[in-house]
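Visitor: Take this structure first; my questions come after.
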Amino acid sequence: MAEIVTIGSTPSPDAVAAQPAASGGLDVTPSAVKRIRVILAKEGISPEEGGLRLGVKGGGCSGMSYSVGFDAHPRERDNIFTFEDVRVFIDPKSFVYLQGMTLDYEETLIRQGFNFINPNSARSCGCGTSFSV
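Numbering (our numbering), first residue to last: 131 to 263.
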């Protein structure tokens with residue numbers, strides 16, 4: 131991946147204005163959709179076939195960490211969400227922890243990166259890159 135992605139928990143105005151994730155699925159704010167589109171183009175990944183991959187892995191100071199990547203194709207058992215022309219892939223095990231969350235993208239003078247607004251997170255670390263349920 132060509133870009134460093136930071137993760138936090140402070141929602142941007144786009145995230146605050148976003149509706150809750152439909153049917154407990156996933157919501158992606160307009161600013162996140164725009165950024166995903168830009169990164170897919172930089173990575174040379176076709177939006178018709180590829181997309182953003184979200185996941186959860188063990189580790190971090192709170193027990194679990196978010197993972198973000200880009201794949202040229204979804205995997206066989208992925209949950210696939212479409213927002214405008216952008217697709218998001220989440221494996222079934224990660225979806226248990228990410229269901230109902232909102233993905234936002236924030237760009238300020240101090241920081242830029244994706245924010246996970248996760249209703250399943252009971253606690254997160256100070257830097258916002260790990261959480262527990």
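In this text, a Cβ means the ideal position worked out from N, Cα and C, and glycines have one as well.
1. Out of VAL216, THR232, VAL168, VAL226, which has the shortest C-alpha to C-alpha gap to HIS80?
2. Does DSSP put LEU239 in a helix, in a strand, or in coil?
3. In terms of residues, what are the limits of the alpha helix (DSSP H) holding ARG165?
4. Assign LEU156 to buried or exposed, taking buried as 16 or more other Cβ atoms, counted over all protein chains shown, within 10 Å of its Cβ.
5. Which of helix, strand or coil does DSSP assign to SER176?
6. Who pairs with GLY199 in a beta bridge, going by DSSP?
7. Where VAL158 and LYS164 are concerned, what is the direct C-alpha to C-alpha distance, given to the nearest angstrom?
8. Where PRO177 and PHE200 are concerned, what is the direct C-alpha to C-alpha distance, given to the nearest angstrom?
Guide: The short version:
1. This structure cannot speak to residue 80, because the chain is shown only from 131 to 263.
2. coil
3. Per DSSP, the unbroken alpha helix (DSSP H) holding ARG165 starts and ends at 160 to 173.
4. buried
5. Of the three classes helix, strand and coil, the one that applies to SER176 here is coil, per DSSP.
6. ARG183
7. 10 angstroms
8. Straight-line Cα distance between these residues: approximately 11 angstroms.
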